[in-house]
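Undergrad: Quick one: structure below, then a few questions.
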Amino acid sequence: MKKLVVIATGNAGKVREFSKAFENSDPNLEFKTQKEVGFSIDVEENGSSFQENARIKALAVAEFLKSKQISATVIADDSGLEVKALDGAPGIHSARFAGEHGNSRANNEKLLRELSDASDRSARFVCHLCIVHVNGKIDDVEGECPGKIIEEFRGEEGFGYDPLFVANGKTQTFAEMSLEEKQALSHRGHAIEILKSRKILSER
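Under my numbering, the very last position in the sequence shown is 1613; numbers go up by exactly one each time.
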C-alpha cells in the first residue's frame, strides 16, 4: 500500500516535480494535490517569511485531512524569487508581484520593467518546505538556487519566473531546460534532495 503525500498546492507542475524526484528512490510514495483530496479553501498566507507561509499552508491542509480521517503526510512549499537590486523583492510576494495572484506573464513583465536600469541583475530562488507528518511532527527544509535575471523571455517549459532566470554557471533559462535538468539545479530540487537525504518522508 502506497503512502499518501499531499502537496499543499493546486499547481500540478509542483506535484510532477515531487513525483519525478521520488519515483526511483521511494516508489511507494503517492503524491496528490490538495484539490485531489477535496481541499479547496483559499488559505491566507499572511506570514512574513517563506517558512511562516509554508507552515500556515501545511497546517491548514493537515487539519482538513485529520477532520476527514485521511491519513497522509502534508508538504507545503513557499518559494519565490529574491532580486538583489530590488532589496530582496518580490520575495514572499512573488506570485502576486504585479497585483493579480498567479499571473506569471504580468509578474515577469513588471520584473523586467523594475530592472530596466539595473546593473546588478543577480537573484536567487528560495524554496522552503514544511512537512507535517500524520503524528503531528513538523520538519522544515530550505533550498536555494543563485543566478541572474536576463533581459528577455526565453523558453516554454516550467512556470513562474522560469523564462527569465539563468542559474549561475548555466546559459539556459529554467524554461529552456527539461524537468530533470531544472530539478538538478533548482531551489525546489535542492530542497527535495535534502528531503530525500534526510529520509523525512520515510517516517511513519
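Even glycine gets a Cβ: it sits at the ideal position worked out from N, Cα and C. Quantities reported herein were computed from a predicted structural model and do not represent experimental measurements.
What residue does the beta strand (DSSP E) around E1585 start on, and which one ends it?
TA: Here E1585 belongs to no beta strand (DSSP E), and DSSP marks it neither H nor E.
Undergrad: Using a Cβ distance threshold of 8 Å, determine whether the segment 1439 to 1449 contacts the segment 1497 to 1513, with at least three qualifying pairs required.
TA: Result no; under three Cβ-Cβ pairs closer than 8 Å.
Undergrad: Among S1503, P1555, F1427, T1418, which has the Cα closest to the Cα of I1603?
TA: Of the listed residues, the one whose Cα sits closest to I1603 is F1427.
Undergrad: Which value, in whole angstroms, describes the spacing of the CA atoms of R1619 and I1501?
TA: No answer is possible for residue 1619: it lies beyond the span of the chain, which begins at 1410 and ends at 1613.
Undergrad: Going by C-alpha to C-alpha distance, which of H1596, S1587, G1564, G1567 sits closest to N1577?
TA: With distances taken between Cα atoms, N1577 lies closest to H1596.
Undergrad: Whose C-beta lies closer than 6 Å to the C-beta of S1623 among residues of the same chain, with five residues either side of it excluded?
TA: The question about residue 1623 has no answer, for the chain in this structure spans 1410 to 1613.
Undergrad: Would you identify the three-state DSSP class for G1556, choosing helix, strand or coil?
TA: Here G1556 sits in strand by DSSP.
Undergrad: Looking only at C-alpha atoms, which of P1499, S1480, K1477, S1476 sits nearest to D1487?
TA: Nearest option by C-alpha distance: P1499.
Undergrad: Which residues in the same chain have their Cβ closer than 8 Å to the Cβ of A1421, if we skip the five residues on either side of it in sequence?
TA: Closer than 8 Å at Cβ, skipping near neighbours: T1442.
Undergrad: For D1529, count neighbouring Cβ atoms within 10 angstroms of its own Cβ and tell me buried if that reaches 16, exposed if not.
TA: Exposed is the call here.
Undergrad: Out of A1417, A1504, D1435, which has the shortest C-alpha to C-alpha gap to V1452?
TA: The shortest C-alpha separation from V1452 is found at A1417.
Undergrad: Quick check: the Cα distance between K1608 and C1536, rounded to an integer number of angstroms?
TA: The straight-line gap from Cα to Cα measures roughly 18 Å.
Undergrad: Which residues in the same chain as F1583 place their Cβ atom closer than 6 Å to its Cβ, once the five residues preceding and following it in sequence are excluded?
TA: Here the set comprises G1567, D1571, F1574, K1591.
Undergrad: Taking the alpha helix (DSSP H) that I1601 belongs to, which residues open and close that run?
TA: Run containing I1601: 1596 to 1606, per the alpha helix (DSSP H) assignment.
Undergrad: R1533: buried (16+ other C-beta within 10 angstroms of its C-beta) or exposed?
TA: Result: buried.
Undergrad: Please classify S1593: is it buried, with 16 or more other beta-carbons within 10 angstroms of its beta-carbon, or exposed?
TA: It should be noted that the sequence gives Ala, not Ser, for residue 1593. Its Cβ having fewer than 16 others within 10 Å, A1593 is exposed.
Undergrad: Once you ignore the five residues that flank E1454 on each side, which residues in its own chain have a CB closer than 8 Å to its CB?
TA: N1462, I1465, K1466, D1487, I1501.
Undergrad: What do you reckon, are the CB atoms on A1430 and I1450 nearer than 8 Å?
TA: No. Outside cutoff.
Undergrad: With DSSP collapsed to three states, give me the class of G1569.
TA: In this structure, G1569 counts as coil in the three-state DSSP scheme.
Undergrad: State the beta-bridge partners of R1533 as determined by DSSP.
TA: DSSP, once it has assigned bridges, lists E1491, P1555 as partnering R1533.
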